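Enquirer:
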Amino acid sequence: MSNADDLKGRAKEAAGDLTDDDDLKREGKADQVTGKVKEGIDKVKDKLTGND
1402 MSNADDLKGR AKEAAGDLTD DDDLKREGKA DQVTGKVKEG IDKVKDKLTG
1452 ND
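Using the numbering used here, the letters of the sequence shown map in sequence onto residues 1402 to 1453.
#1: Have a look at Lys1409 and Asp1421 and give me their C-alpha separation to the nearest angstrom.
#2: CB-CB under 6 Å to Gln1433, same chain, minus the five flanking residues each way: which ones, in chain order?
#3: Can you round the beta-carbon distance between Glu1414 and Lys1430 to whole angstroms, since I take them to be within the 8 Å contact cut?
#4: Which value, in whole angstroms, describes the spacing of the CA atoms of Asp1424 and Ile1442?
#5: In angstroms with no decimal places, state the Cα-to-Cα distance between Lys1444 and Leu1419.
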């Protein structure tokens, strides 16, 4: 799931760059952060359950 958020964020950020849309760029960056947070949570969850 986090990879999907990251890719979606990168696409939004790139679209915002192309269209000079600051709101879209911010949304893209937020989506990328969301992806990184989810990835971190998944890593912690895996360590706690022994699935690393």
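We put the CB at the ideal spot given by N, CA and C, even for glycine. Please read these numbers as outputs of a predicted model, since none were measured by experiment.
Expert: According to the structure data:
#1: 18 Å
#2: Asp1407, Gly1410
#3: 6 Å
#4: 27 Å
#5: 34 Å
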